[in-house]
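A short worksheet on the structure shown next.
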Amino acid sequence: MIPDIDSQIGISLYTTKFSGIGGKIRITPEDFEVSELISKRATNSITNESGYAVYKLKKKKIDTNHALSDVFRKTGVRLKSLGLKDASAITEQFVGSPHKGKPIEDFSTEKYSLTKIGFTKKPLSKKEMIGNNFKIRISDCSDKLSSFSEHNCILNFYGYQRFGSKRPVTHLIGKAILQRDFDMAVDLILSFTSTYDSAENTE
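First residue of the sequence shown? That's 1 in the numbering used here, and the numbers climb one at a time after it.
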C-alpha cells in the first residue's frame, strides 16, 4: 500500500516488495550521520604547501549555510562548501577558501568545528564531491532487517526532502518552471497548502 504523501509527490516505485520494518529514524541528530566523499584526484591534490585552504567542517544542530555564515561573522573569512548538509544530523564535509590568504586555525563552537587539513593549488569545486556515506539508526523496528540483505543498493529516496519535507510542493513548483508557467510557480510558492502543513503555514 502506497502512503498518501508518497502518491502526492510522485513516489510510486520501491526497491523492496515486503511490507516494511516499521521503526523510527532521526529522533536525535546522532541517529543520522553523514560523511562527504570527494574524488581521489581531489584528495591527492590536498598538500601542506601554501595555496587555497581546505577544511573539514563537523557539525550538529546547524545547517551548512548557517555554519559558514557564522564562521564569516566570527573570523572574517568566507568559505564555500561542495554540498549542503542539514541540521538534523551529525555531518562531516569539506569546505574551502575561494581566495588565497592567511588560513583559519582550528576553530570550534558548540555546534560545529573547523579543522584545516591542507591546501590546494586551485579551489575545490562541487564536481569533486562524489557522494556521501550514511550511517542511519532505526529504532523500534521489526526483526525483518535481514530482508534487505538481497539488495546491493536502494533507490535514492532518503525521505521527502527533495520534494519539500515541510511543504510537499517543490516538485510541483519545479514542474511549473519546466513548463514555463512562472505565474503558477509563484502562486504555488505563496499559497500552496496541504494537510501536512503546520497551522502557521496554513494561515
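By construction, the Cβ of each residue, glycine as well, lies at the ideal position given by its N, Cα and C atoms.
#### Entry: Backbone secondary structure at LYS61 - three-state DSSP
coil
### Query
alpha helix (DSSP H) containing GLN8: first to last residue?
4-9
### Message
Can you find the residues in the same chain that come closer than 8 Å, C-beta to C-beta, to ASP211, ignoring five residues on each side of it along the sequence?
### Response
No answer is possible for residue 211: it lies beyond the span of the chain, which begins at 1 and ends at 203.
### Under the three-state DSSP convention, the category MET184 falls into
helix
### Task
Mind reading off the beta-carbon distance from SER139 to LYS24? Whole number of angstroms is fine, and I expect it under 8 Å.
5 Å
### Task
Throw me the rounded Cβ distance for the PHE119 and GLY51 pair, which I believe falls under 8 Å.
4 Å
### Query
Using the rule of at least 16 other Cβ atoms within 10 Å of the residue's Cβ for burial, across every protein chain shown, is PRO168 buried or exposed?
buried
### Task
Alpha carbon to alpha carbon, how far is ALA53 from ALA100? Give it in angstroms, no decimals.
Here residue 100 is Lys; the residue named in the question, Ala, does not match the sequence. Cα to Cα, LYS100 sits roughly 7 Å from ALA53.
### Message
Between ARG137 and SER88, how many whole angstroms is the CB-CB distance? I'm expecting something under 8 Å.
### Response
Contact flag wrong, Cβ pair sits at about 13 Å.
### Query
Should the region 12-22 be called in touch with the region 58-78, which here means at least 3 C-beta pairs below 8 Å?
no
### Query
I think LEU37 touches GLY131, with their Cβ atoms under 8 Å apart; what is that distance to the nearest whole Å?
5 Å
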